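Residue numbers (our numbering): -19 to 482. Glycine residues also receive a C-beta, built at the ideal position from the N, C-alpha and C atoms. Model, not experiment: these values are computed from the prediction.
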Ligand code: F0G
């Protein structure tokens, strides 16, 4: 049985009447250059404008027709589609018409991405921070980061292109701080056929868990000394000269898929986001591009009647976007920075390729919703680690970038930037487990000095050995159980009961 046979067969046999039919609407997608406004067809996979080298976004020429239906139509459709049984509509393509409405059902790749939970901060954490907020757990995607949203779209497009044009070889490449590579390798491994994957990583600058992911998925894993920005330049050079499909967020199909994050936030809040502040960690700036574009689309369609406020968050050790917006309006000039060691390692990027997109979209966003609607904050490494650990002590599962968002919210509250009647949504872009080595460094208070992070003992935890192997050797089973239980009772201060006898 082929991978395609199962859904198609089941689609006919079982799904009729249960879920939604696959949408009949088809758009006319084209690339728009954000610099010179040129438009280009989607026959070729473009990363930059052939006219001026500017960055691109994908648009649908028929979008004005979608607008005519009115916001209520789309809210009802997306809400009812939340119960769809067809795999192709269960993930990011719940929002098919405003995502990539040129893909056919047979090409859509669904590995369980999207539809991630929005978890309210525990009451104790909320009172610690002083505002109501929730984490959107994008670590609960199949490769444990938000990147799967974009890959589902980019790989669906590649499958369509390969099928329609008879390509027999599609080598996907990306540079990565660890999560793009994990996601790309996973989707390539599933797609199979002509699609293969090679990933380029800065040696020693992805976590062991992240490194294990493309290895496990069978990708070619290539490493270079240096940081992400170096690897990015290499894959850009490669993509300009060789037949490869670049999967970094320069690829606009990925941005389209990542817009689903904004759509899901709005939907989870019942399409009312006017008093909401969305906090997003910024690295290569693809995610914040997608969040801005996604909310703007919903607003244009009338699905939401006001935009939420967007706060980008960067570490002091990788802060080029913060620096740009911190300068007075007339004096802003984008300058890449040389990054230094950061616990928000996945966002440790000094020259984000999507910065021009952010600039263009932030302008549009502010034109609709005012200056306060888009801001960028900078936080200390210490605050990022404390943020991650504080969140997780309160029942969350956030990564260091999720910690960065909490540090951002705390800084924003302290600076009076978040009103009392506002609440926040924080993006935990990956699962905590990918970043356990940073937790371990913190608990051992062993961060190398360049990070500038010290352990707050109130957040430290460590396992306690109850018996040494030598002590255990001298005990038979019942003595072992009794002695261990006694030691536990003593350490935990337990009170003995009468034993529950009749
Ligand atoms: N959080 C995580 C967990 C990430 O992996 C990344 C980026 C970001 C935040 C920043 O998002 O780049 O869209 O601004 N990771 C990329 C990668 C660069 O290669 O995995 P961004």
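Residue i Cβ short of 7 Å to ligand 1 heavy atom set
i: residue 159; result: yes
i: residue 385; result: no
i: residue 116; result: no
i: residue 327; result: yes
i: residue 177; result: no
i: residue 257; result: no
i: residue 237; result: no
i: residue 268; result: yes
i: residue 263; result: yes
i: residue 208; result: yes
i: residue 381; result: yes
i: residue 320; result: no
i: residue 377; result: no
i: residue 156; result: yes
i: residue 96; result: no
i: residue 123; result: no
i: residue 187; result: no
i: residue 79; result: no
i: residue 522; result: Beyond the ends of the chain as shown, which are -19 and 482, falls residue 522; an answer cannot be given.
i: residue 127; result: yes
Residue i to residue j span [Cα, whole Å]
i: residue 239; j: residue 121; result: 15 Å
i: residue 478; j: residue 443; result: 30 Å
i: residue 464; j: residue 303; result: 56 Å
i: residue 212; j: residue 108; result: 39 Å
i: residue 22; j: residue 9; result: 7 Å
i: residue 59; j: residue 1; result: 15 Å
i: residue 98; j: residue 170; result: 28 Å
i: residue 11; j: residue 133; result: 15 Å
i: residue -15; j: residue 87; result: Since pLDDT at residue -15 reaches only 43, below the 50 mark, its modelled position is unreliable, and no value is offered.
i: residue 457; j: residue 451; result: 13 Å
i: residue 146; j: residue 167; result: 20 Å
i: residue 84; j: residue 237; result: 15 Å
i: residue 42; j: residue 415; result: 43 Å
i: residue 462; j: residue 189; result: 38 Å
i: residue 5; j: residue 187; result: 42 Å
i: residue 17; j: residue 424; result: 53 Å
i: residue 62; j: residue 69; result: 8 Å
i: residue 439; j: residue 371; result: 11 Å
i: residue 221; j: residue 56; result: 46 Å
i: residue 177; j: residue 15; result: 31 Å
i: residue 32; j: residue 264; result: 21 Å
i: residue 298; j: residue 285; result: 35 Å
Supposed contact pair residue j and residue i - C-beta distance, whole angstroms, cut 8 Å
i: residue 357; j: residue 275; result: About 18 Å; that fails the 8 Å criterion.
i: residue 271; j: residue 258; result: 6 Å
i: residue 40; j: residue 81; result: 6 Å
i: residue 101; j: residue 374; result: 7 Å
i: residue 405; j: residue 116; result: 6 Å
i: residue 403; j: residue 112; result: 4 Å
i: residue 353; j: residue 346; result: 6 Å
i: residue 234; j: residue 328; result: That pair is no contact at about 20 Å.
i: residue 361; j: residue 431; result: 5 Å
i: residue 293; j: residue 388; result: 3 Å
i: residue 224; j: residue 151; result: 5 Å
Heavy atom of ligand 2 within 7 Å of residue i beta-carbon
i: residue 364; result: For ligand 2, the structure offers nothing, since it holds only ligand 1.
Pick from the options that is closest to residue i, judged by C-alpha positions
i: residue 287; options: 252, 298, 297; result: 252
i: residue 180; options: 174, 162, 172, 167; result: 162
i: residue 93; options: 67, 105, 106; result: 67
i: residue 197; options: 301, 209, 172; result: 172
i: residue 428; options: 460, 321, 157, 158; result: 321
i: residue 165; options: 412, 377, 473, 227; result: 227
i: residue 246; options: 379, 231, 282; result: 282
i: residue 489; options: 389, 223, 155; result: This structure leaves residue 489 out entirely; the chain is present only between -19 and 482.
i: residue 335; options: 151, 77, 266; result: 266
i: residue 89; options: 175, 20, 13, 45; result: 175
i: residue 217; options: 72, 309, 299, 27; result: 27
i: residue 269; options: 118, 242, 441, 280; result: 242
i: residue 341; options: 413, 376, 64, 35; result: 35
i: residue 249; options: 46, 114, 224, 159; result: 114
i: residue 333; options: 96, 350, 323, 315; result: 315
i: residue 52; options: 72, 210, 137, 280; result: 280
i: residue 446; options: 401, 379, 466, 183; result: 466
**Message:** To test your reading of the DSSP string, which unbroken alpha helix (DSSP H) runs of 4 or more residues are found completely within the region 125 to 209?
**Reply:** 127 to 145, 159 to 171, 188 to 197
**Request:** With a floor of 3 residues, list each beta strand (DSSP E) that falls wholly inside the region 279 to 306, ordered by position along the chain.
**Result:** 289 to 295
**Item:** Those runs of the alpha helix (DSSP H) which lie wholly inside the region 16 to 104 and span at least 4 residues
**Value:** 43 to 48, 51 to 61, 67 to 70
**Request:** Let me know the beta strand (DSSP E) ranges lying completely inside the region 203 to 262, each 3 residues or longer, listed in chain order.
**Result:** 256 to 261
**Message:** Extract the residue ranges of the alpha helix (DSSP H) inside the region 355 to 442, only unbroken runs of 4 or more that lie entirely within it.
**Reply:** 361 to 373, 380 to 394, 416 to 423
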